[in-house]
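Residues in the sequence shown are numbered from 68 upward in steps of one, following the numbering used here.
A short worksheet on the structure shown next.
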Amino acid sequence: MMRRKKDEIKLMQSEPIRELEIGKFIIFSAANYSFMLPVSEVLQVINRPVTTGELDKAGLIQIGRHVIPLFDLHQQLEPENAVPAPTHRPFLVITHGLPGELCAIPVGEPPNLVEFPLDLIQILPQTGSSSGVLRVASHAATLALEQAPATVFLLNLRRMLVPIAASG
């Protein structure tokens with residue numbers, strides 16, 4: 068019996084310890100959903116600059132010498148409840164949109180930085196008529212945010228920007 072215990076301990080010690088792969092994400096809210104983006108895809112988070120009405124109407128914003136498209140998740144997911152973005156979404160998440168292009172996502176509060184195991188992320192089902200959050204997200208994770216479980220959707224920048232590029 069004693070020999071068996073020693074063999075079990077030896078076996079357990081010889082097995083490699085598998086480390087969980089941890090990912091870093093920013094998490095922010097929009098249109099009553101929580102969204103995340105990998106930190107590696109975020110260039111910066113800035114205060115939203117004052118813009119002209121023409122640029123806003125065109126869905127663009129000028130940042131320094133760059134004029135970049137805005138992707139307002141509130142307008143995309145809840146067009147009937149969308150309020151003017153400059154007053155209610157004073158921050159911009161600047162990220163790469165399509166290859167070689169920038170994109171700005173207006174948000175109401177600065178995003179939170181969160182680290183968690185990547186195995187918590189699950190693929191969302193794709194349907195032929197993607198609507199709502201499935202138009203902009205490809206994966207989701209259930210995380211403990213503010214002491215309660217919450218579903219956080221991983222934005223798929225390609226999925227959300229291709230329709231804009233196709234219409235432009």
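Glycine included, each C-beta is placed from N, C-alpha and C at the ideal position.
These numbers come from a predicted model, not from an experiment.
Nonlocal neighbours in the same chain, by C-beta distance under 8 Å from residue i, ignoring five residues either side
i: leucine 89; result: The question names leucine, but residue 89 is isoleucine in the sequence shown. If we look at isoleucine 89 and ignore the five residues flanking it on each side, its Cβ neighbours are Glu182, Phe183, Pro184, Leu185.
i: valine 106; result: Lys91, Phe92, Ile93, Leu180
i: histidine 163; result: Glu108, Leu110, Leu169, Cys170, Leu224
Straight-line Cα distance separating residue j from residue i
i: isoleucine 113; j: proline 178; result: 11 Å
i: histidine 141; j: leucine 224; result: 15 Å
i: serine 234; j: alanine 207; result: Because serine 234 sits at a pLDDT of 48, beneath the cut-off of 50, its placement in the model cannot be relied upon, and the following sentence gives the value as read from the coordinates. So the two alpha carbons sit approximately 28 Å from each other.
i: lysine 91; j: proline 146; result: 30 Å
i: phenylalanine 102; j: alanine 125; result: 24 Å
i: proline 166; j: arginine 202; result: 19 Å
i: proline 192; j: asparagine 99; result: 20 Å
i: phenylalanine 63; j: valine 174; result: Because the chain is modelled from 68 through 235, residue 63 falls outside the range shown and cannot be assessed.
Sequence-distant residues of the same chain with beta carbon closer than 6 Å to residue i, five excluded per side
i: isoleucine 172; result: Phe138, Val160
i: leucine 87; result: Pro184
i: arginine 156; result: Pro173, Val174, Gly175
Cβ separation of residue i and residue j, assumed to be a contact under 8 Å, to the nearest whole Å
i: cysteine 170; j: isoleucine 128; result: No, cysteine 170 and isoleucine 128 are not in contact; Cβ-Cβ is about 10 Å, not under 8 Å.
i: leucine 210; j: leucine 104; result: About 14 Å; that fails the 8 Å criterion.
i: valine 200; j: leucine 144; result: 7 Å
Buried versus exposed, by CB contacts within 10 Å (16 or more), residue i
i: valine 117; result: exposed
i: alanine 215; result: exposed
i: arginine 132; result: exposed
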